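**Student:** Those sequence lines, one after another, are chains A and B. Under numbering that gives the first Met the number 0, the first residue of the first sequence carries the number 0, and numbering increases by one thereafter. Under numbering that gives the first Met the number 0, the first residue of the second sequence carries the number 0, and numbering increases by one thereafter. We put the beta carbon where it would ideally sit given N, CA and C, even for glycine. All values reported here derive from a predicted model rather than from experimental measurement.
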Amino acid sequence: MDADSLLLSLELASGSGQGLSPDRRASLLTSLMLVKRDYRYDRVLFWGRILGLVADYYIAQGLSEDQLAQRKTLYSLNCTEWSLLPPATEEMVAQSSVVKGRFMGDPSYEYEHTELQKVNEGDKVFEEEIVVQIKEETRLVSVIDQIDKAVAIIPRGALFKTPFGPTHVNRTFEGLSLSEAKKLSSYFHFREPVELKNKTLLEKADLDPSLDFMDSLEHDIPKGSWSIQMERGNALVVLRSLLWPGLTFYHAPRTKHYGYIYVGTGEKNMDLPFML
Amino acid sequence: MEDSTSPKQEKENQEKLGEARRSWEGKTAASPQYSEPESSEPLEAKQGPETGRQSGSSRPWSPQSRARTPLGGPAGPETSSPAPLSRREPSSTPSPPAPARQDLAAPPQSHRTTSVIPEAGTPYPDPLEQSSDKRESVPLHTSQSERNTFQQSQQPKPHLCGPRDVSYNNAKQKELRFDVFQEADSNSDCDLQLPAPGGSEGAPSMLETAIQNAKAYLLKTSSKSGFNLYDHLSNMLTKILNERPENAVDIFENISQDVKMAHFSKKFDALHNENEMLPTYEIAEKQKALFLQGHLEGVDQELEDEIAENALPNVMESAFYFEQAGVGLGTDETYRIFLALKQLTDTHPIQRCRFWGKILGLEMNYIVAEVEFREGEDEEEVEEEDVAEERDNGESEADEDEEDELPKSFYKAPQAIPKEESRTGANKYVYFVCNEPGRPWVKLPPVIPAQIVIARKIKKFFTGRLDAPVISYPPFPGNESNYLRAQIARISAGTHVSPLGFYQFGEEEGEEEEEVEGGQNSFEENPDFEGIQVTDLVESLSNWVHHVQHILSQGRCNWFNSIQKNEEEEEEGEEEDEEKEEPDYIEQEVGPPLLTPISEDLEIQNIPPWTTRLSSNLIPQYAIAVLQSNLWPGAYAFSNGKKFENFYIGWGHKYSPDNYTPPVPPPVYQEYPSGPEITEMDDPSVEEEQAFRAAQEAVLLAAENEESEEDEDEEDDYD
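1) What does a CB cutoff of less than 7 angstroms around A/T217 pick up in its chain, not counting 5 residues either side in sequence?
2) Taking just the CA atoms, how far does A/S15 sit from A/G245?
3) If you draw a straight line from the alpha carbon of A/G174 to that of A/H256, how long is it in whole angstroms?
4) Please classify B/G424: does DSSP put it in a helix, a strand, or coil?
5) For B/A209, which of helix, strand or coil comes out of DSSP?
6) Three-state secondary structure (DSSP) at B/A454?
7) Please confirm whether A/E135 has its beta-carbon closer than 8 angstroms to some beta-carbon of chain B.
8) Taking its Cβ as the centre, do 16 or more other Cβ atoms sit within 10 Å of B/F290, making it buried, or is it exposed?
9) Which residue from A/R138, A/T29, A/F273, A/F159 puts its Cα closest to that of A/G223?
10) Please decide whether B/Y334 counts as near chain A, where near means a Cβ-Cβ distance under 8 angstroms.
11) Along the stretch 244 to 270 of chain A, where does the CB come closer than 7 angstroms to a CB of chain B? Name the residues.
12) Report yes if the C-beta distance between B/P416 and B/F321 is below 8 angstroms; otherwise report no.
13) Since B/S598 and B/L536 are thought to touch, with beta carbons under 8 angstroms apart, how far apart are those beta carbons, to the nearest angstrom?
14) Look at A/V286 and A/K181 and say whether their C-beta atoms are less than 8 angstroms apart.
15) Taking buried to mean at least 16 other C-beta atoms within 10 Å of its own C-beta, is B/D367 buried or exposed?
16) Check this for me: beta carbons of B/F354 and B/L340, under 8 angstroms apart or not?
17) When you check each C-beta in the stretch 357 to 368 of chain B against every C-beta of chain A, which residues fall closer than 9 angstroms?
18) Can you grab the Cα-Cα spacing for the pair A/N268 / A/L241, in whole Å?
19) In three-state terms, what does DSSP make of B/R353?
20) Cutting at 7 angstroms between CB atoms, please list the residues of its own chain near A/S95, excluding the five before and the five after it.
21) Please report the distance separating the alpha-carbon of A/M282 from that of A/H188.
22) Under 8 angstroms Cβ-Cβ, which residues of chain B neighbour A/T72?
23) Roughly how many whole angstroms lie between the Cα atoms of B/E681 and B/P662?
24) Work out the CA separation of B/F461 and B/I453 for me, nearest whole Å.
25) Indicate whether at least one CB of chain A lies closer than 8 angstroms to the CB of B/T344.
26) Taking the beta strand (DSSP E) that A/Q132 falls in, what are its first and last residues?
27) Is there a Cβ of chain B sitting closer than 8 angstroms to that of A/E217, yes or no?
28) Does DSSP put A/R48 in a helix, in a strand, or in coil?
29) Return helix, strand or coil for B/Q553, following the three-state DSSP convention.
30) For a contact defined as C-beta to C-beta under 7 angstroms, what are the partners of A/K99 on chain B?
31) Hey, quick one: how far does the beta strand (DSSP E) through A/R239 stretch, first residue to last?
32) Mind checking the stretch 198 to 224 of chain A against chain B and listing, in chain order, the residues whose C-beta falls within less than 7 angstroms of any C-beta there?
33) How close, in whole Å, do the beta carbons of A/G276 and A/Y40 come, if the pair is a contact with beta carbons under 8 angstroms?
34) Helix, strand or coil for B/Q587? Go by DSSP, reduced to three states.
35) To the nearest angstrom, how far is it from the Cα of B/Y482 to the Cα of B/N525?
36) Could you tell me which of B/E281, B/M235, B/P244, B/R243 sits nearest to B/K259, measuring between CA atoms?
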């Protein structure tokens with residue numbers, strides 16, 4: 000959610016129950032402004048909160064002018080001091096995929112994972128158990144990256160692509176209409192498109208290249224991994240992800256307010272197919 | 000008439016306008032009015048037909064660029080190139096020196112061209128000609144902002160062929176030049192006695208024609224959409240000038256899109272919106288009803304009564320504390336829930352009520368209230384099905400008469416464990432749910448142990464509809480309302496905690512040796528509770544205790560021994576031969592007794608079952624202690640030392656670090672005693688059959704040989 004409209008956004012996203020306490024809110028308002036100034040970001044988003052056993056991580060993201068460029072991620076334990084996280088690499092993601100369970104809440108905590116590795120020693124090949132240490136920071140980075148790629152969404156029309164390449168916020172975005180808001184196809188993943196090229200020519204012909212340049216939620220696998228609800232009697236549409244429980248996207252139709260926030264344990268719900 | 004040869008300034012200002020107006024007024028009589036109202040239309044330069052003619056010219060257009068500039072052509076012979084008409088004097092001066100004008104006109108050309116709206120070369124009606132004004136070609140520069148007072152509302156000018164009335168004064172400011180152009184276009188139909196521009200030079204007229212051609216092109220209606228570029232651009236510019244967005248050039252395309260869309264959307268207004276907003280209004284109406292319910296008649300008396308016996312909890316206060324912990328539904332939502340709870344307590348005879356929490360679902364959510372009815376007012380109409388019923392060995396209906404006895408199955412369904420009585424154990428409280436505050440509350444049925452047992456084995460999302468079936472393996476006995484109730488029971492048993500000492504056991508049952516069945520299952524508030532320091536609550540989990548009975552793996556809180564009943568059933572049982580394969584003795588299940596500190600809770604794979612925090616590190620003296628459950632994510636409890644409350648918000652599932660694995664179906668049960676009647680045997684092979692037959696024949700042969708030989712014939716039959 001945009002740091003500029005933090006209070007309103009928190010209010011709109013409160014349907015999921017987990018939000019921020021007043022002191023966190025107050026510290027966020029001030030500290031995010033400072034972050035924006037110091038790092039010279041165009042927009043700062045408050046991404047959410049990952050619950051750990053000992054402490055929680057508060058995550059923010061900074062965007063530059065081009066909305067689809069790589070976002071910079073920052074974390075804080077007390078909403079006041081922010082530290083930049085390194086960008087996620089595939090290696091990190093692979094490494095931390097073996098770690099399961101809750102986050103500790105201490106960024107320097109190391110998870111131990113024993114792996115069997117084949118070691119060649121001369122002629123002999125035997126397996127050795129190697130204990131790999133994975134830092135929680137790495138895990139944090141990769142989880143945030145996975146969540147972003149999988150379930151960060153924006154409504155259709157909120158961003159538009161200029162012919163020069165960069166993507167901009169659409170200042171004339173007036174909000175989705177009510178009928179559009181209830182459809183999954185009006186929401187896009189907030190990332191570089193992956194499936195767009197797989198569409199048939201017929202489908203591509205209907206797309207508006209300046210607005211429809213991202214993947215929509217319609218074809219997400221597994222089907223049904225989004226729950227769309229209207230709250231407050233049609234005045235607010237809320238999408239909750241079932242794959243990463245804790246991600247809430249809200250949008251007030253016919254207004255410019257939209258955003259998403261993740262408050263959860265940072266674990267993927269692998270049981271989703273059983274649960275539907 | 001000609002303009003005075005005032006130098007055409009590109010932008011005419013108001014004063015010119017004024018002048019023109021005046022002058023125009025002056026000469027209204029004289030000239031046929033044009034309807035060009037525009038006063039400041041930067042548009043286009045018209046090349047002027049400056050009509051040299053003196054026709055009183057009404058130059059309607061005020062000095063500035065009249066929108067219609069291009070009209071000049073026919074009008075005036077002098078077409079000086081779109082000279083910006085600065086002002087034409089209405090005077091009936093016969094065209095001021097045309098040439099002069101033309102000269103003047105020349106310069107503006109440049110901008111004129113940009114203006115784009117070439118006139119379609121429609122000849123202006125006479126009056127125009129007369130005016131021989133210089134049309135100014137005012138290019139559509141943004142620089143000429145003044146012109147841009149074009150309000151979107153272009154008043155359509157009366158397209159008259161004939162003299163037009165130009166309500167110039169008013170219209171001036173307003174009319175867009177475009178209108179003028181349009182008129183001009185229409186005018187083209189009128190017969191104009193356009194005097195051929197006297198002395199039109201070759202060059203200006205070509206320019207003029209070019210402009211007119213360009214304008215004609217712009218006015219061409221698109222075959223697809225019915226728009227024309229001219230109108231669209233004028234609309235867009237109007238919009239931009241009205242709204243004045245920043246960096247308009249960057250969002251120009253978007254504005255264009257919006258203008259196009261706006262053209263269509265109006266038509267749907269009447270019908271479209273109605274349908275969409277209807278559900279919103281419905282909910283709003285229902286919620287308004289909530290707010291209105293508080294009106295009582297006979298105010299004072301009843302008010303006091305109400306205050307005295309209030310079963311309603313102070314939801315707002317708890318919500319405030321939970322907000323400190325970062326948990327909550329938002330103030331106004333909570334308030335609406337509060338009112339809905341009040342409605343619940345007013346309509347049902349409730350002793351105590353509590354806002355239990357919110358369970359999220361796929362299509363709708365559930366708001367759950369935990370309620371205790373007043374003594375004797377239970378509304379238990381639910382039929383008890385199969386309570387302690389024994390299933391017969393059904394198949395074995397003694398068909399002893401028949402020759403073929405069906406094998407008797409000795410399968411005996413495990414006895415259904417009876418549910419607990421209301422007000423005890425898992426059914427201690429009654430739960431009401433609603434989807435949204437304002438909707439009616441629905442009571443959930445009491446929970447049956449079988450449901451709890453199976454609910455432990457499945458993991459399903461709630462859809463939000465109470466009658467939805469729960470399709471799972473093992474098959475859940477019931478629909479979503481039962482599943483919901485079972486999960487609520489499990490969550491309550493697992494996560495409802497209170498500070499140590501807040502509750503104490505009732506004194507009556509203090510010393511007795513209770514049957515293990517009973518256990519201590521009643522407690523009451525401790526009036527001498529003095530509170531525990533918040534820091535203590537945070538540091539040590541032993542300061543918190545469970546005040547809800549643990550549910551045994553049987554599915555009940557109080558152990559039910561199913562063996563006893565079995566003995567009774569034996570008499571009724573029908574099987575005599577089969578032996579029962581039931582155990583004679585079932586281990587009694589024991590759970591932790593009530594009011595056990597939560598430090599005794601089991602860990603989940605090295606994760607402590609509870610996380611404690613102080614709500615605020617910055618101001619510890621007023622902070623409260625917050626407990627989060629790691630076993631049931633979403634369950635919270637707070638305490639500020641004296642007060643405490645439990646709350647749940649989440650999807651309603653237990654946490655497990657490992658993935659869910661559905662239970663495997665059990666192996667095929669051996670229902671029937673094995674014996675020759677039911678044992679499968681292979682069909683005999685050909686050799687066996689033949690051997691068998693041969694043996695039989697041999698026997699027969701032997702028998703017959705003994706008897707007589709007459710039967711040899713018959714033997715053949717046996718083949």
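**Tutor:** The relevant details are as follows:
1) On the first sequence, position 218 is the one that residue 217 of chain A refers to. Here residue 217 of chain A is Glu; the residue named in the question, Thr, does not match the sequence. Cβ within range, chain order: L183, S184.
2) Counted from its first residue, the first sequence places residue 245 of chain A at position 246. Counted from its first residue, the first sequence places residue 15 of chain A at position 16. Spanning the two alpha carbons is a distance of roughly 8 angstroms.
3) Here the question's residue 174 of chain A lines up with position 175 in the first sequence. Here the question's residue 256 of chain A lines up with position 257 in the first sequence. Their backbone Cα atoms lie some 7 angstroms apart in a straight line.
4) For this step, residue 424 of chain B is matched to residue 425 along the second sequence. B/G424 falls in the helix class under three-state DSSP.
5) For the purposes of this step, residue 209 of chain B is identified with residue 210 of the second sequence, where counting begins at 1. Helix, per DSSP.
6) Sequence index remark: in the second sequence, residue 454 of chain B carries index 455 (1-based). Reduced to three states, the DSSP call for B/A454 is helix.
7) Within the first sequence, the letter at position 136 stands for residue 135 of chain A. No, A/E135 does not count as interfacial toward chain B.
8) Residue 290 of chain B sits at position 291 when you count from the first residue of the second sequence. Exposed.
9) Walking along the first sequence from the start, residue 223 of chain A turns up at place 224. Closest by alpha carbon: A/F273.
10) Counting from one through the second sequence, the residue named residue 334 of chain B turns up at place 335. False, the Cβ-Cβ gap to chain A never drops below 8 angstroms.
11) P244, T264, M269, D270
12) Stepping through the second sequence from its first residue, residue 416 of chain B is reached at position 417. Stepping through the second sequence from its first residue, residue 321 of chain B is reached at position 322. Here residue 416 of chain B is Ile; the residue named in the question, Pro, does not match the sequence. No, the Cβ-Cβ distance between B/I416 and B/F321 is not below 8 angstroms.
13) Position 599 of the second sequence, counting from 1, holds the residue named residue 598 of chain B. Position 537 of the second sequence, counting from 1, holds the residue named residue 536 of chain B. Not really, about 12 angstroms apart at Cβ, beyond 8 angstroms.
14) Given that chain A is displayed from residue 0 to residue 275, the structure contains no residue 286 of chain A and the question cannot be resolved.
15) The residue given as residue 367 of chain B occupies position 368 in the second sequence. Residue identity differs from the one stated: residue 367 of chain B is Val in this sequence, not Asp. Its Cβ being crowded by 16 or more others within 10 Å, B/V367 is buried.
16) The residue labelled residue 354 of chain B in the question sits at position 355 within the second sequence. The residue labelled residue 340 of chain B in the question sits at position 341 within the second sequence. Taking 8 angstroms as the Cβ cut-off, B/F354 and B/L340 qualify as a contacting pair.
17) K357, L359, G360, L361, E362, M363, N364
18) By 1-based counting over the first sequence, the position of residue 268 of chain A is 269. By 1-based counting over the first sequence, the position of residue 241 of chain A is 242. Straight-line Cα distance between these residues: approximately 7 angstroms.
19) In the second sequence, the residue the question calls residue 353 of chain B occupies position 354. In this structure, B/R353 counts as strand in the three-state DSSP scheme.
20) Stepping through the first sequence from its first residue, residue 95 of chain A is reached at position 96. The answer, listed in chain order, is I133, T137, R138, S141.
21) There is simply no residue 282 of chain A to check, as chain A begins at 0 and stops at 275 in what is shown.
22) For the purposes of this step, residue 72 of chain A is taken as the residue at position 73 of the first sequence. Residues of chain B passing the Cβ test: none, with the nearest at roughly 21 angstroms.
23) Indexing the second sequence from 1 puts residue 681 of chain B at position 682. Indexing the second sequence from 1 puts residue 662 of chain B at position 663. The amino acid at residue 681 of chain B is misidentified as Glu; the sequence shows Asp. If I take the Cα positions, the gap works out to 34 angstroms.
24) Locating residue 453 of chain B in the second sequence gives position 454, counting from the first residue. Locating residue 461 of chain B in the second sequence gives position 462, counting from the first residue. The straight-line gap from Cα to Cα measures roughly 16 angstroms.
25) Position 345 of the second sequence holds residue 344 of chain B. Not closer than 8 angstroms to any Cβ of chain A, the Cβ of B/T344 fails to qualify, so no.
26) What you label residue 132 of chain A is simply residue 133 of the first sequence in a count that begins at 1. Residues 123 to 134.
27) Residue 217 of chain A sits at position 218 when you count from the first residue of the first sequence. Output row for A/E217: interface = no.
28) Start at 1 with the first residue of the first sequence, and residue 48 of chain A comes out as number 49. Three-state DSSP puts A/R48 in a strand.
29) Residue 553 of chain B sits at position 554 when you count from the first residue of the second sequence. In this structure, B/Q553 counts as coil in the three-state DSSP scheme.
30) Counting from 1 along the first sequence, the entry for residue 99 of chain A is found at position 100. Here the neighbours are P656.
31) As a working mapping, residue 239 of chain A is identified with position 240 in the first sequence. Counting along the chain, the beta strand (DSSP E) containing A/R239 begins and ends at 235 to 240.
32) none
33) Given that chain A is displayed from residue 0 to residue 275, the structure contains no residue 276 of chain A and the question cannot be resolved.
34) For the purposes of this step, residue 587 of chain B is taken as residue 588 along the second sequence, with counting starting at 1. If DSSP states are grouped into helix, strand and coil, B/Q587 belongs with coil.
35) For this step, residue 482 of chain B is matched to residue 483 along the second sequence. For this step, residue 525 of chain B is matched to residue 526 along the second sequence. Whole-angstrom Cα-Cα distance: 34 angstroms.
36) Stepping through the second sequence from its first residue, residue 259 of chain B is reached at position 260. The shortest C-alpha separation from B/K259 is found at B/M235.
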